[in-house]
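Visitor: Everything in the sequence shown is counted per full-length UniProt numbering, starting at 1 for the first residue and increasing by one. Don't be surprised by glycine CBs; every beta carbon is placed ideally from N, CA and C. Sending over a structure as structure tokens; questions will come in a sec.
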Amino acid sequence: MFSDAAFVDASPTTSDAEPTRVSNASVSTPSSIRSALFYLETVTFRVEGTLYKVPQQRFKTESAVFRGMYSLPQQADAEGSSDEKPIDLCDVKEVDFVRFLKVVVPLDNNGPTGKYEEWTSVLKLATMWGFKGIRDLAISNMEPLVTDLKATDKIALAYEYSVQTWFLDGFNALVQAKAFASEFESEWIRLGWCMQWVFRLVAEREACCATGGHRPALSANCSHGYSCNRCCTSTTYGYPGQWLSPSSSGSACTVSHHDALKTAFASELKDMKYRNNAWVEDEVDGGKENQGNVKKGGKGKKKLKPVAA
1 MFSDAAFVDA SPTTSDAEPT RVSNASVSTP SSIRSALFYL ETVTFRVEGT
51 LYKVPQQRFK TESAVFRGMY SLPQQADAEG SSDEKPIDLC DVKEVDFVRF
101 LKVVVPLDNN GPTGKYEEWT SVLKLATMWG FKGIRDLAIS NMEPLVTDLK
151 ATDKIALAYE YSVQTWFLDG FNALVQAKAF ASEFESEWIR LGWCMQWVFR
201 LVAEREACCA TGGHRPALSA NCSHGYSCNR CCTSTTYGYP GQWLSPSSSG
251 SACTVSHHDA LKTAFASELK DMKYRNNAWV EDEVDGGKEN QGNVKKGGKG
301 KKKLKPVAA
């Protein structure tokens with residue numbers, strides 16, 4: 001049997017005890033700083049009932065609309081900070097938003113495939129939110145794709161998304177055409193063109209056929225009995241061969257009418273330019289209009305109002 005004396009008190013002495021923890025506040029240590037490049041904040045959007053959480057950086061720095069929104073004081077629980085408080089995007093289709101995010105937040109093998117519909121979605125939202133760089137990228141990628149569009153559809157696309165060059169190209173093609181297609185009337189009715197556009201187009205075609213124009217009117221003494229620009233059987237009637245299109249019922253003009261069309265459609269081009277640069281101009285004026293386009297909807301959610309097309 002062991003006596004009590006055989007047992008040694010194994011409890012730790014004061015010297016063996018854990019060292020006293022010292023508050024970090026009392027220790028002089030270097031403070032941590034956040035990387036300017038790789039400390040990314042996120043923003044949460046809700047589009048047609050689906051939540052998207054993406055890096056905030058490009059929205060904050062490249063978009064005139066979102067840059068204006070983030071220039072306002074932001075609270076910790078501000079809209080877009082969590083799933084419970086997302087930014088609701090008004091009038092935005094989810095399919096368009098996903099296509100747009102593939103450019104803004106590219107993932108491996110997940111970028112646009114080059115299809116017309118995909119880049120149209122990118123152009124639409126880039127124009128709406130003032131992403132100039134992404135808008136320019138979309139226009140560049142769409143250049144070879146819009147060449148196959150009918151002139152009337154090209155004009156409609158250009159006017160909706162404020163692409164002045166396509167607008168002029170479309171009307172130039174109609175002016176240069178041998179003749180109006182039989183379905184032209186139904187086309188401009190379908191697209192909702194105002195009669196002023198049609199009148200200006202017809203006027204430019206007539207100017208092209210007038211004396212001294214690019215496509216001179218044929219002599220009334222034409223033995224074939226054709227009206228203006230209908231005699232294409234030969235070039236012996238005193239008209240340069242470049243104006244006549246052999247083996248066809250009409251002649252196509254080969255000279256660009258862009259300068260004349262710029263004058264004829266000056267108000268429309270100015271309107272497109274204003275809509276393109278609206279956010280930049282507003283920022284010069286202090287961003288007041290930017291703030292006005294960030295509206296709060298039900299339950300305090302921010303709603304972004306798109307720029308009118």
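What would DSSP say about PRO73, mapped onto helix, strand or coil?
Guide: Locating residue 73 in the sequence shown gives position 73, where the first residue counts as 1. In this structure, PRO73 counts as coil in the three-state DSSP scheme.
Visitor: Buried or exposed, going by whether 16 or more other CB atoms sit within 10 Å of the CB of ASN109?
Guide: On the sequence shown, position 109 is the one that residue 109 refers to. It counts as exposed.
Visitor: Taking all protein chains shown into account, decide if ARG34 is buried (16 or more other Cβ within 10 angstroms of its Cβ) or exposed.
Guide: On the sequence shown, position 34 is the one that residue 34 refers to. ARG34 is exposed by the Cβ-count criterion.
Visitor: Could you give the DSSP three-state label for LYS178: helix, strand or coil?
Guide: Taking the sequence shown and counting its residues from 1, the one referred to as residue 178 is at position 178. Coil.
Visitor: Ignore the nearest five residues each way along the sequence and tell me which others in VAL280's own chain have a CB closer than 6 Å to its CB.
Guide: The sequence position of residue 280 within the sequence shown is 280, counting from 1. Note that VAL280 scores 44 on pLDDT, short of 50, meaning its location in the model is unreliable and no value can be drawn from it.
Visitor: For the beta strand (DSSP E) containing ILE87, name the first residue and the last one.
Guide: As a position in the sequence shown, residue 87 is number 87, starting the count at 1. Segment 87-89, the beta strand (DSSP E) holding ILE87.
Visitor: Please go through the same chain and pick out, in chain order, the residues whose beta-carbon is closer than 8 Å to the beta-carbon of GLY212, but skip the five residues on each side of it.
Guide: As a working note, residue 212 is residue 212 in the sequence shown. The predicted model places GLY212 with a pLDDT of 47, which falls under 50 and marks its position as unreliable, so this point remains unresolved.
Visitor: Determine the burial state of THR127: buried for a count of at least 16 other Cβ atoms within 10 Å of its Cβ, exposed for fewer.
Guide: Translated into the one-based positions of the sequence shown, residue 127 becomes position 127. The residue in question, THR127, is buried, as its Cβ has 16 or more Cβ neighbours within 10 Å.
Visitor: Report back the beta-carbon spacing between ARG275 and SER121 to the nearest angstrom; my notes put them in contact at under 8 Å.
Guide: Position 275 of the sequence shown, counted from the start, is the residue given in the question as residue 275. Position 121 of the sequence shown, counted from the start, is the residue given in the question as residue 121. No, ARG275 and SER121 are not in contact; Cβ-Cβ is about 18 Å, not under 8 Å.
Visitor: Cα separation between ARG230 and LYS178?
Guide: Within the sequence shown, the letter at position 230 stands for residue 230. Within the sequence shown, the letter at position 178 stands for residue 178. Unreliable positioning characterises ARG230 in this predicted model, as indicated by a pLDDT of 39, which lies under 50. The coordinate reading is nonetheless provided below. C-alpha separation (whole angstroms): 9 Å.
Visitor: So what's THR50 in DSSP terms, helix, strand or just coil?
Guide: The sequence position of residue 50 within the sequence shown is 50, counting from 1. Correct three-state label for THR50: strand.
Visitor: Going by Cα to Cα distance, which pick from PHE45, ALA173, GLY68 and GLY114 is closest to PHE97?
Guide: Sequence index remark: in the sequence shown, residue 97 carries index 97 (1-based). The shortest Cα separation from PHE97 among PHE45, ALA173, GLY68 and GLY114 belongs to PHE45.
Visitor: Are GLU201 and PHE167 closer than 8 Å when you measure CB to CB?
Guide: If you number the sequence shown from 1, residue 201 lands on position 201. If you number the sequence shown from 1, residue 167 lands on position 167. Per the sequence presented here, residue 201 reads as Leu, with Glu not at that position. It is not a contact, given that the beta carbons lie outside the stated cut-off.
Visitor: Based on DSSP bridge pairs, tell me the residues matched to SER63.
Guide: Taking the sequence shown and counting its residues from 1, the one referred to as residue 63 is at position 63. According to DSSP, SER63 bridges with PHE131.
Visitor: Rounded to the nearest angstrom, what separates LYS132 and LEU261 at their Cα positions?
Guide: On the sequence shown, residue 132 is found 132 positions in, with the first residue counted as 1. On the sequence shown, residue 261 is found 261 positions in, with the first residue counted as 1. Spanning the two alpha carbons is a distance of roughly 26 Å.
Visitor: My guess is that GLU48 and LYS85 are in contact by the Cβ rule of under 8 Å, so how many angstroms apart are they, rounded?
Guide: For the purposes of this step, residue 48 is identified with residue 48 of the sequence shown, where counting begins at 1. For the purposes of this step, residue 85 is identified with residue 85 of the sequence shown, where counting begins at 1. Actually they are not in contact, since the Cβ atoms of GLU48 and LYS85 sit about 18 Å apart, beyond 8 Å.
Visitor: Can you say whether LYS115 is buried or exposed, counting buried as having 16 or more other CB atoms within 10 angstroms of its CB?
Guide: Indexing the sequence shown from 1 puts residue 115 at position 115. Exposed, because fewer than 16 other Cβ atoms sit within 10 Å of the Cβ of LYS115.
Visitor: Near ARG99, what residues of its chain come up, given a Cβ to Cβ distance below 7 Å and the 5 sequence neighbours on each side ignored?
Guide: For this step, residue 99 is matched to residue 99 along the sequence shown. Result list for ARG99: PRO112, GLU118, SER121 and VAL122, in chain order.
Visitor: Report yes if the C-beta distance between TRP129 and SER81 is below 8 Å; otherwise report no.
Guide: Taking the first residue of the sequence shown as 1, we reach residue 129 at position 129. Taking the first residue of the sequence shown as 1, we reach residue 81 at position 81. No, Cβ-Cβ distance for TRP129 and SER81 is not below 8 Å.
Visitor: What is the DSSP secondary structure of PHE265, reduced to helix, strand or coil?
Guide: Here residue 265 is taken as the residue at index 265 of the sequence shown, counted from 1. If DSSP states are grouped into helix, strand and coil, PHE265 belongs with coil.
Visitor: Determine, using beta carbons only, whether ASP83 and LEU40 come nearer to each other than 8 Å.
Guide: Sequence index remark: in the sequence shown, residue 83 carries index 83 (1-based). Sequence index remark: in the sequence shown, residue 40 carries index 40 (1-based). No, the Cβ-Cβ distance between ASP83 and LEU40 is not below 8 Å.
Visitor: When DSSP labels each residue in this structure, what does PHE45 get in the three-state scheme?
Guide: As a position in the sequence shown, residue 45 is number 45, starting the count at 1. Note: PHE45 maps to strand in three-state DSSP.
Visitor: Is LYS154 buried or exposed, if buried means 16 or more other CB atoms sit within 10 Å of its CB?
Guide: Counting from one through the sequence shown, the residue named residue 154 turns up at place 154. Label assigned to LYS154: buried.
Visitor: Exposed or buried, which one is ALA138 when buried takes at least 16 other CB atoms within 10 Å?
Guide: As a working note, residue 138 is residue 138 in the sequence shown. With 16 or more other Cβ atoms within 10 Å, it is buried.
Visitor: Near ALA151, which residues of its chain fall below 7 Å by C-beta distance, leaving aside the five closest residues on each side in sequence?
Guide: The residue you call residue 151 lines up with position 151 of the sequence shown. Answer for ALA151: GLY170, ALA173 and LEU174, listed in chain order.
Visitor: Can ARG55 and VAL103 be called in contact, C-beta distance under 8 Å?
Guide: Mapped onto the sequence shown, residue 55 falls at position 55. Mapped onto the sequence shown, residue 103 falls at position 103. For clarity, residue 55 is Pro in the given sequence; the question names Arg instead. Going by C-beta atoms, PRO55 is not nearer than 8 Å to VAL103.
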